[in-house]
Amino acid sequence: MTERPRILVKLKAQTRPQHDSIEGNRFGKAMMDGTLSEADYLLFLQKFYGFHVPLERLLRRINWSSAGIDIEQRCKARLLERDLLSLGMTQDEIASLPEASTLPSMSTIQEAAGVLYVMEGSTLGGQIQARQVQKMYGRTADNGAAYFSSYGAHVGAMWKSCCEAIARIADNNEENEAVIIASAQQTFQALEHWLAVESSIESIEVM
Ligand code: HEM
């Protein structure tokens, strides 16, 4: 087996407390317990949508070609939008959802790589969450669980190519590594903050 690049080992170790905190937050915990109501599942997706949209706007400004990343393929707001439509929201309601304003800085590809690490890593846990959503509400990638299903059978391959790109961007350079790690930590922090902010989203009925 080939050795895991140093940056990936560091990233995992140095974001672990934040990962565990977000996994154990009220949405994550209830989802794993199987007690998340469908109305809260909708709220969870709305929150993720409000985080992904502005984040992806920044990710798209980066020139990823030298790192071998097709960023469009990895943007997931459109999957969230599909799920929100499946759960009964209209396009207009989706377009007026609140967006997160506290976001990690993305002025260099190293900073953006830290963000990418968090957003792509979430597809790993997504496989478990997709199974829970199917068990709890009978929803699959076609009717409300597209986001958690993400790349389907290709999750492993997509994660592997993401890790390779991050390693290329880090280039075994400690300064680059420190920037990537700090950015990943800020991304987790920003998401946790956004999930904790009381939602002003009015509840709507789940279809
Ligand atoms: C209920 C919620 C979640 C569960 C159950 C979960 C579970 C998991 C699992 C099982 C893995 C792979 C474990 C491993 O290789 O050690 C993983 C990896 C990861 N997850 Fe989560 N996760 C959850 C939420 C999230 C969220 C919300 C994010 C970020 C938006 C996230 C980011 C990551 C990252 C970055 C990794 C990669 C770790 C590595 O470097 O290998 N996870 N998660």
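Counting with the numbering used here, you get residues 11 to 217 for the letters of the sequence shown. Using N, Cα and C, we set each Cβ at its ideal position, and we do this for glycine too. Here the structure is a predicted model, which means the values were calculated and not measured.
I need the DSSP call for residue i, collapsed to helix, strand or coil.
i, result
"Tyr51", "helix"
"Ala155", "coil"
"Val207", "coil"
"Glu215", "For Glu215, the predicted model reports a pLDDT of 49, less than 50, meaning its position is unreliable; a value from the coordinates is still stated below. Glu215 falls in the coil class under three-state DSSP."
"Tyr59", "helix"
"Gly98", "coil"
"Ala110", "coil"
"Gly78", "coil"
"Ile72", "coil"
Would you give the residue range spanned by the alpha helix (DSSP H) that residue i belongs to?
i, result
"Thr25", "Arg16 to Glu33"
"Leu134", "Ile119 to Tyr147"
"Lys86", "Segment: none, Lys86 is in no alpha helix (DSSP H) and carries neither H nor E."
"Thr36", "Contrary to the premise, residue 36 reads as Arg rather than Thr in this sequence. Looking at the DSSP string, the run of the alpha helix (DSSP H) that includes Arg36 is Arg36 to Asp43."
"Gly166", "Val165 to Ala180"
In chain order, what residues of the same chain lie with their CB nearer than 8 Å to the CB of residue i, ignoring the 5 residues before and after it?
i, result
"Ile214", "With a pLDDT of 48 at Ile214, under the threshold of 50, the modelled position of that residue is not reliable, and the figure given next carries that caveat. Excluding sequence neighbours, Ile214 sits near Leu52, Gly98, Met99 and Glu103."
"Trp204", "Lys57, Gly60, Phe61, Ala110 and Thr112"
"Glu187", "Arg16, Ile17, Lys20 and Ala180"
Would the C-beta of residue i count as close to ligand 1, meaning under 8 Å from any of its heavy atoms?
i, result
"Met42", "yes"
"Leu18", "yes"
"Val207", "no"
"His29", "yes"
"Gly166", "no"
"Val128", "yes"
Looking only at its own chain, which residues have a Cβ that is under 6 Å from the Cβ of residue i, when we skip the five neighbours before and after it?
i, result
"Ala40", "Leu46"
"Phe37", "Phe54"
Would you say the beta carbon of residue i comes nearer than 8 Å to a heavy atom of ligand 3?
i, result
"Ser132", "Here the bound small molecules are ligand 1; ligand 3 is not part of this structure."
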